[in-house]
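Beneath this line is the structure, given in structure tokens, with notes to follow.
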Amino acid sequence: MAPVIEALLPRDLYDIYEKVQAGERLSGADGVRILTHPNLAAIGMLADLARHVRVGDHVYYNNAGYINYSNVCVLHNVCKFCAFGKTRDDPDAYTFQIEEMVTKARAWASAGITEIHMVGGLHPDLPFEYYTGFLSAIKRALPHVHLKAFTAVEIDFFARKFKLSLDEVLDRLQAAGHGSITGGGAEQMHPEVHDVICKGKMSAERYLEVHRLAHRRGIRSNATMLYGTVEEPRHVVYHLERLRELQDETGGFQCFVPLAFHPTNTELAHLPGPTGWYDLRIMATSRLLLDNFRYIKAYWVMMSPRMAQVSLRWGANDVDGTIREERIYHLAGSTSPLEQSERELVDLIRGAGLIPAERDPYYRILKIPA
Numbered sequence: 001m002a003p004v005i006e007a008l009l010p011r012d013l014y015d016i017y018e019k020v021q022a023g024e025r026l027s028g029a030d031g032v033r034i035l036t037h038p039n040l041a042a043i044g045m046l047a048d049l050a051r052h053v054r055v056g057d058h059v060y061y062n063n064a065g066y067i068n069y070s071n072v073c074v075l076h077n078v079c080k081f082c083a084f085g086k087t088r089d090d091p092d093a094y095t096f097q098i099e100e101m102v103t104k105a106r107a108w109a110s111a112g113i114t115e116i117h118m119v120g121g122l123h124p125d126l127p128f129e130y131y132t133g134f135l136s137a138i139k140r141a142l143p144h145v146h147l148k149a150f151t152a153v154e155i156d157f158f159a160r161k162f163k164l165s166l167d168e169v170l171d172r173l174q175a176a177g178h179g180s181i182t183g184g185g186a187e188q189m190h191p192e193v194h195d196v197i198c199k200g201k202m203s204a205e206r207y208l209e210v211h212r213l214a215h216r217r218g219i220r221s222n223a224t225m226l227y228g229t230v231e232e233p234r235h236v237v238y239h240l241e242r243l244r245e246l247q248d249e250t251g252g253f254q255c256f257v258p259l260a261f262h263p264t265n266t267e268l269a270h271l272p273g274p275t276g277w278y279d280l281r282i283m284a285t286s287r288l289l290l291d292n293f294r295y296i297k298a299y300w301v302m303m304s305p306r307m308a309q310v311s312l313r314w315g316a317n318d319v320d321g322t323i324r325e326e327r328i329y330h331l332a333g334s335t336s337p338l339e340q341s342e343r344e345l346v347d348l349i350r351g352a353g354l355i356p357a358e359r360d361p362y363y364r365i366l367k368i369p370a
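Everything in the sequence shown is counted per the UniProt record's numbering, starting at 1 for the first residue and increasing by one.
Next up, the structure:
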């Protein structure tokens, strides 16, 4: 690979190539250069090299189900990028009963799921026992299934609403069967963007503090970044550097997930959303700057399966999983399928010339499909 890159790479990116080859950390200024460089193919080559050097050629997927337990949210008029949150009186508002969630989970069991991903709105009325109740009920029904539940925003909300410390919240969730934290809620950490798209929502500092505390307790988590609203390259780099700093400190992040903004049915519907070109720039920059994250996800629900496949050669090495039922991004205009079969994911990965690997919730390989 290296001789080909050396022959094709523009001279003004050669210093970044040498850093990647040597395992040296890229600077924020390097990140801005990558995001703004006109040669998309060149930055793809660099990101693909970084993926190959750092983590090899396996691309991971899992057998998972998604439950968005309620769309009632006290931040429904705060997050301008969101089409999911509703008031409790909205005709489209819903909240699943615990029995409904257990029924969903049992229906997926025969398909061999290993993980259920659960997030929802910040409901003003539900008791804390609702959340611990559905965790424990699903865990009793499917004790072998990992429960990845709640964003840092939800955990912070529980602490404030129920007058508990973050430690107490995590204690009770873990006792009920909670396994790990999802990455959502980071949005864009730079205040210049945060105050435009979600002023009044949890700060970057609080988001990082929730994850820091979870990592200290041995709870793993993912990290995310929303892109395609009003951010500039320097804002993207700021966000990635904040995550990189915390990962240096704790090592508790498993995966980074760039989240493409979908404008339909949001207060930012006048914005066009990201192009495929920008999707690939974000993916490549994430891989190149986040040298301490082994796994970078091409989330097919938001990008489309084909765009996720292309992203595998721009630095990504995870395509998420079968999913089955996702509501948040489809309400905002995602036209991706509601689920992908294992065969479709395997073919997608192989079509990019890489090695598919089914993983467990901790990225241990369960099988290499035949």
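Glycine included, every Cβ here is placed at the ideal spot set by N, Cα and C.
Please decide whether Lys-104 counts as near chain C, where near means a Cβ-Cβ distance under 8 Å.
-> This model lacks chain C altogether, as it is built from one protein chain only.
Tell me whether Gly-333 sits in a helix, a strand or coil according to DSSP, three-state version.
-> Here residue 333 refers to the residue found at position 333 of the sequence shown. With a pLDDT of 49 at Gly-333, under the threshold of 50, the modelled position of that residue is not reliable, and no figure is offered here.
Can you pull the DSSP bridge partners for residue 430?
-> Only positions 1 to 370 of the chain appear in this structure, which leaves residue 430 out of reach.
Burial state of Glu-245, where buried means 16 or more other Cβ atoms lie within 10 Å | Position 245 of the sequence shown, counted from the first residue, corresponds to residue 245. Result: exposed.
If you check the beta carbons only, do Tyr-69 and Thr-36 fall under 8 Å apart?
-> For this step, residue 69 is matched to residue 69 along the sequence shown. For this step, residue 36 is matched to residue 36 along the sequence shown. Contact flag unset, no.
7 Å Cβ shell around Val-74 - same chain, five flanking residues per side excluded = Locating residue 74 in the sequence shown gives position 74, where the first residue counts as 1. Excluding residues within five positions, the ones whose Cβ falls inside 7 Å are Leu-122 and Pro-124.
What are the uninterrupted segments assigned as alpha helix (DSSP H) that are 4 or more residues long and contained completely in the segment 134–222, given in chain order?
-> 152–161, 166–176, 191–197 and 204–216
Going by beta carbon distance, what residues of the same chain come within less than 6 Å of Leu-9, once the five residues before and after it are set aside?
-> Numbered from 1 along the sequence shown, position 9 holds the residue referred to as residue 9. If we look at Leu-9 and ignore the five residues flanking it on each side, its Cβ neighbours are Tyr-17 and Ala-42.
Enumerate in chain order the residues of its own chain whose CB-to-CB distance from Asp-248 is below 7 Å, with the five nearest sequence positions on each side excluded.
-> Reading the sequence shown from its first residue, position 248 is the one you call residue 248. These residues qualify, in order along the chain: Asn-292.
DSSP on Glu-129, reduced to helix/strand/coil?
-> Here residue 129 refers to the residue found at position 129 of the sequence shown. Looking at Glu-129 - three-state DSSP - the assignment turns out to be helix.
If I'm right that Gln-309 touches Gly-273 with Cβ under 8 Å, what's the distance once you round it to whole angstroms?
-> Translated into the one-based positions of the sequence shown, residue 309 becomes position 309. Translated into the one-based positions of the sequence shown, residue 273 becomes position 273. Rounded to whole angstroms, the Cβ separation of Gln-309 and Gly-273 is 20 Å, and the two are not in contact under 8 Å.
Residues in its own chain within less than 6 Å of Ile-98 by CB, not counting five upstream and five downstream?
-> Here the question's residue 98 lines up with position 98 in the sequence shown. If we look at Ile-98 and ignore the five residues flanking it on each side, its Cβ neighbours are Gly-133, Phe-134 and Ala-137.
Which of helix, strand or coil does DSSP assign to Tyr-94?
-> Sequence index remark: in the sequence shown, residue 94 carries index 94 (1-based). DSSP, reduced to helix, strand and coil, places Tyr-94 outside both helices and strands of the structure shown, so it counts as coil.
Rounded to a whole number of angstroms, what is the C-alpha to C-alpha distance between Ala-149 and Gly-23?
-> On the sequence shown, residue 149 is found 149 positions in, with the first residue counted as 1. On the sequence shown, residue 23 is found 23 positions in, with the first residue counted as 1. Between Ala-149 and Gly-23, the alpha-carbon positions lie close to 34 Å from each other.
Looking at C-alpha atoms only, which residue of Arg-242, Ser-311, Phe-253 and Glu-6 is the closest neighbour of Ser-180?
-> Position 180 of the sequence shown holds residue 180. Selected option, being the one with the closest Cα: Phe-253.
Hey, out of His-144, Tyr-130 and Ile-368, whose CA is closest to Ala-109's CA?
-> Counted from its first residue, the sequence shown places residue 109 at position 109. Looking at His-144, Tyr-130 and Ile-368, the one whose alpha-carbon comes closest to that of Ala-109 is His-144.
Using three-state DSSP, classify Glu-326 as helix, strand or coil.
-> Start at 1 with the first residue of the sequence shown, and residue 326 comes out as number 326. In this predicted model, Glu-326 has a pLDDT of only 48, less than 50, meaning its place in the structure is not dependable; the value taken from the coordinates is given anyway. Coil.
Same chain, Cβ closer than 6 Å to Ala-357, five either side skipped, listed in chain order = Taking the first residue of the sequence shown as position 1, residue 357 is located at position 357. So the list reads His-58, Tyr-60, Ile-365 and Ile-368, once near-sequence residues are dropped.
Nearest-angstrom Cβ-Cβ length linking Leu-147 and Gly-177, presumed shorter than 8 Å = Position 147 of the sequence shown holds residue 147. Position 177 of the sequence shown holds residue 177. That belief holds up - the Cβ atoms of Leu-147 and Gly-177 are roughly 6 Å apart, short of 8 Å.
Looking at Ser-221 and His-235, is the spacing between their C-beta atoms short of 8 Å?
-> Taking the sequence shown and counting its residues from 1, the one referred to as residue 235 is at position 235. Taking the sequence shown and counting its residues from 1, the one referred to as residue 221 is at position 221. No, the pair does not count as a contact, with Cβ atoms beyond the cut-off.
On the three-state DSSP scale, how would you describe Ala-47?
-> The residue labelled residue 47 in the question sits at position 47 within the sequence shown. Ala-47: helix per DSSP, three-state reduction.
Under the three-state DSSP convention, the category Ala-298 falls into | For this step, residue 298 is matched to residue 298 along the sequence shown. Three-state result, Ala-298: coil.
Given Val-55 as reference, the closest of Pro-361, Asp-360, Ala-370 and Leu-354 once Cα atoms are compared | As a working mapping, residue 55 is identified with position 55 in the sequence shown. Closest in alpha carbon position to Val-55, among Pro-361, Asp-360, Ala-370 and Leu-354, is Leu-354.
What's the gap between the Cα of Arg-140 and the Cα of Tyr-362?
-> What you label residue 140 is simply residue 140 of the sequence shown in a count that begins at 1. What you label residue 362 is simply residue 362 of the sequence shown in a count that begins at 1. Approximately 21 Å, taken between the alpha carbons.
Please list, in chain order, all residues of the same chain as Glu-154 whose beta carbon is under 8 Å from its beta carbon, the five residues on each side excluded.
-> Counted from its first residue, the sequence shown places residue 154 at position 154. Val-119, Gly-120, Leu-122 and Gly-185, listed in sequence order.
Please report the residue range of the beta strand (DSSP E) in which Asp-320 lies.
-> Within the sequence shown, numbered from 1, the residue matching residue 320 stands at position 320. That run of the beta strand (DSSP E) goes 318–321.
CA nearest to the CA of Asn-39, picked from Arg-343, Trp-314 and Asp-320 | Here residue 39 corresponds to residue number 39 of the sequence shown, with the count starting at 1. If we check each option's Cα against that of Asn-39, Trp-314 comes out closest.
Based on Cα-Cα distance, which residue from Val-230, Met-225, Leu-126 and Ala-93 lies nearest to Arg-242?
-> Taking the first residue of the sequence shown as 1, we reach residue 242 at position 242. The residue with the shortest Cα to Cα distance from Arg-242 is Met-225.
Taking C-alpha atoms, which residue in His-194, Ala-284, Asn-62 and Asp-15 lies nearest to Ile-116?
-> Translated into the one-based positions of the sequence shown, residue 116 becomes position 116. It is Asn-62 whose Cα lies nearest to the Cα of Ile-116.
Are Leu-268 and Lys-86 touching if we call contact CB-CB under 8 Å?
-> Translated into positions along the sequence shown, residue 268 becomes position 268. Translated into positions along the sequence shown, residue 86 becomes position 86. Going by C-beta atoms, Leu-268 is not nearer than 8 Å to Lys-86.
The alpha helix (DSSP H) spanning Glu-245 covers which residue range?
-> Position 245 of the sequence shown, counting from 1, holds the residue named residue 245. First-last of the alpha helix (DSSP H) with Glu-245: 233–250.
Length of the line joining the Cα atoms of Glu-168 and Tyr-207 | On the sequence shown, residue 168 is found 168 positions in, with the first residue counted as 1. On the sequence shown, residue 207 is found 207 positions in, with the first residue counted as 1. Rounded to the nearest angstrom, the two C-alpha atoms are 17 Å apart.
Return the CA-CA distance between Glu-326 and Glu-6, expressed in angstroms with no decimal places.
-> Within the sequence shown, residue 326 is the residue found at index 326, counting from 1. Within the sequence shown, residue 6 is the residue found at index 6, counting from 1. Residue placement at Glu-326 is flagged as unreliable, the pLDDT there being 48, under the threshold of 50; the coordinate-derived value follows with that caveat. Using only the alpha carbons, I get a separation of about 42 Å.
Bridge partners of Gly-112, per DSSP?
-> As a first step, residue 112 must be located in the sequence shown, where it is residue number 112. DSSP lists no partner for Gly-112.
Check each candidate in Gln-188, Ile-113, Glu-192 and Ser-203 and name the one with the smallest Cα separation from Phe-157.
-> Here residue 157 is taken as the residue at index 157 of the sequence shown, counted from 1. Answer by Cα proximity: Ser-203.
Name the two residues that bound the continuous beta strand (DSSP E) containing Gly-65.
-> Position 65 of the sequence shown, counting from 1, holds the residue named residue 65. Run containing Gly-65: 64–68, per the beta strand (DSSP E) assignment.
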